[in-house]
Structure formats: C-alpha cells, structure tokens
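One structure is given below, encoded as structure tokens.
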Amino acid sequence: RATVAAQAFRQFDQAQVDLIVEGVYQAAWHARVDLARQAFEETGMGILEDKVIKNSYASLLVYEDIRARRTVGVICHDPVRGISEVAQPRGPILATIPVTNPTSTTIFKALICMKTRNPVIFSPHRGARKCIRETSRILAEAAERAGAPADAIQCISRSQSDYFERILRHPQLALI
39 RATVAAQAFR
49 QFDQAQVDLI
59 VEGVYQAAWH
69 ARVDLARQAF
79 EETGMGILED
89 KVIKNSYASL
99 LVYEDIRARR
109 TVGVICHDPV
119 RGISEVAQPR
129 GPILATIPVT
139 NPTSTTIFKA
149 LICMKTRNPV
159 IFSPHRGARK
169 CIRETSRILA
179 EAAERAGAPA
189 DAIQCISRSQ
199 SDYFERILRH
209 PQLALI
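All residue numbers for the sequence shown refer to our numbering, where the first residue is 39 and numbers rise by one.
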C-alpha cells in the first residue's frame with residue numbers, strides 16, 4: 039500500500055505537498071496536549087508538561103523550519119557549473135519510534151516524510167503502541183483530508199517480530 043502511495047506522491051507539485059504538510063501540522067498542534075497525556079499515561083516516563091512542550095516543538099518548530107523549503111522539482115541551480123539539484127522522493131520509509139518520546143517523534147517524522155513526498159510506516163515501540171497508533175491515526179486522517187494519497191501514513195498494528203522483519207527486508211523501503 040505504501041508503494042502505491044509513493045507512486046501517487048511522485049505526481050504531486052509543491053503546492054499540493056505544502057497543503058498536506060500544513061494539514062498534518064495543524065492536526066498535530068491541536069492534538070498535542072491529548073497526545074502528550076496519552077504518552078505519559080501509557081509509558082509512565084517523563085513529565086507531562088515536558089511531553090506537551092516536545093509535541094509543540096515537533097509540530098510548530100518543525101513546520102516553521104520546513105514550510106518554505108522547496109522539496110519538489112528543481113530546488114537549486116548553479117548556472118556556472120551547469121548543475122541543478124532535483125528533489126525526488128525516496129519511497130516508503132520505515133520509521134522506528136522509541137518509548138521515550140513516542141508522540142513527538144511520530145509527529146516530526148510524519149511532517150518530514152510528507153514534505154519530501156515519502157509515505158511513512160511507523161513501527162511503534164511495544165511500550166508505547168497505543169499513543170503512537172493514535173498519533174499516526176490523527177496525522178493520517180489529516181494528511182488524507184489535505185489531499186495526500188491513501189496510506190501515506192501508516193502504523194504497524196500486528197505483532198512486531200515477524201511483520202517488522204518482513205517489512206524491513208522489502209527492497210523498496212528506506213529506514214529512518
């Protein structure tokens with residue numbers, strides 16, 4: 039499914055990508071407190087207020103940093119050397135998410151993957167599965183509402199061991 043989404047994503051222009059990124063950012067920003075609470079309650083790690091701040095940084099600061107960047111087509115041209123840099127998506131990304139900062143990590147990885155037109159499959163740590171799945175669900179719905187291909191944001195929902203190994207060996211997958 040992520041490969042199909044990747045093929046569709048290749049056809050998107052910068053304006054379409056930017057709308058998707060803005061939609062994902064908005065969803066993350068509005069859910070930052072609830073997601074922090076879920077992460078704190080599920081993992082028992084950290085301080086709730088710190089998790090809210092991390093979710094705020096992962097959404098607002100990452101969005102502010104990437105929103106004006108070009109990530110489609112020619113992004114740089116050196117006329118003296120006759121060299122142009124052309125942004126191309128890598129394809130489906132497998133993103134591992136730690137138990138320590140599960141929601142903020144999911145948020146910033148989703149934003150950078152959407153900005154670069156790369157579908158993402160989240161692999162949640164077993165100690166934070168619920169909050170990572172909820173974060174992924176919220177962001178996936180926002181991405182699709184903003185025009186992203188179906189399945190551009192996914193989360194592994196099966197038992198980690200076998201399924202993770204099969205995905206990891208897929209020839210069209212990158213790992214972050």
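Every residue gets a Cβ at the ideal spot worked out from N, C-alpha and C, and that includes glycine. From a predicted model like this one, the values you see are computed outputs, not experimental measurements.
Going by DSSP in three states, residue i sits in which element: helix, strand or coil?
i	result
T134	strand
D189	coil
H163	coil
D51	coil
V112	strand
V158	strand
S195	coil
A65	helix
R175	helix
R70	helix
V118	coil
A46	helix
R27	The shown model of the chain, from 39 to 214, leaves out residue 27, and the question about it has no answer.
Starting from residue i, follow the alpha helix (DSSP H) in both directions and report where the run begins and ends.
i	result
V124	V124 -> not in any alpha helix (DSSP H); beta strand (DSSP E) instead, spanning 121–125.
Y101	100–104
S94	86–94
Could you say which of the options lies nearest to residue i if we only look at CA atoms?
i	options	result
A69	E172, V55, C193	E172
A44	A166, M152, A180	M152
S97	N156, L73, T41	L73
Y101	D88, G82, R128, K147	K147
R167	A77, D56, M83, T154	A77
S142	T41, D56, Y63	Y63
V124	V110, T134, A133	V110
Going by other Cβ atoms of all chains shown within 10 Å of its Cβ, with 16 needed for buried, is residue i buried or exposed?
i	result
Q126	exposed
I121	exposed
Q192	buried
L86	exposed
V158	buried
D88	exposed
P130	buried
V112	exposed
G82	exposed
R175	exposed
The beta strand (DSSP E) that contains residue i, what's its start and end?
i	result
I150	Per DSSP, I150 belongs to no beta strand (DSSP E); it is in the alpha helix (DSSP H), 140–153.
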